[in-house]
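Numbering (the numbering used here), first residue to last: 50 to 126.
What follows is a single structure, written as structure tokens, with notes after it.
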């Protein structure tokens, strides 16, 4: 018997800001903000390199993905 899937809860802007503000470590703040703004998984953000982020095109080149492929993610302004 198939189990019903529930959609994840979407956090409000104030809730996200509260989570980021409650994090004392600057590196962890950057990880949380990048994950939420670009929709990446924890493992994808942890494996990012400095050269993977294009500031001119506002994209992130994600190489270490869950699947076999890599992709580009947009960075919101």
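Glycine included, every Cβ here is placed at the ideal spot set by N, Cα and C.
Only a predicted model underlies this, so the values are computations on that prediction, with no experimental measurement involved.
Cβ distance (whole Å) where residue i is taken to contact residue j below 8 Å
i: residue 82; j: residue 102; result: 13 Å between Cβ atoms; not a contact.
i: residue 109; j: residue 87; result: 6 Å
i: residue 90; j: residue 115; result: 7 Å
Nearest to residue i (by Cα), restricted to the options the options
i: residue 96; options: 106, 85, 111; result: 111
i: residue 59; options: 85, 80, 73; result: 85
Rounded separation between residue i and residue j - CA only
i: residue 71; j: residue 77; result: 10 Å
i: residue 98; j: residue 54; result: 34 Å
i: residue 105; j: residue 62; result: 26 Å
Residues near residue i in its chain [Cβ-Cβ closer than 7 Å; skip 5 each side]
i: residue 65; result: 85
i: residue 80; result: 94
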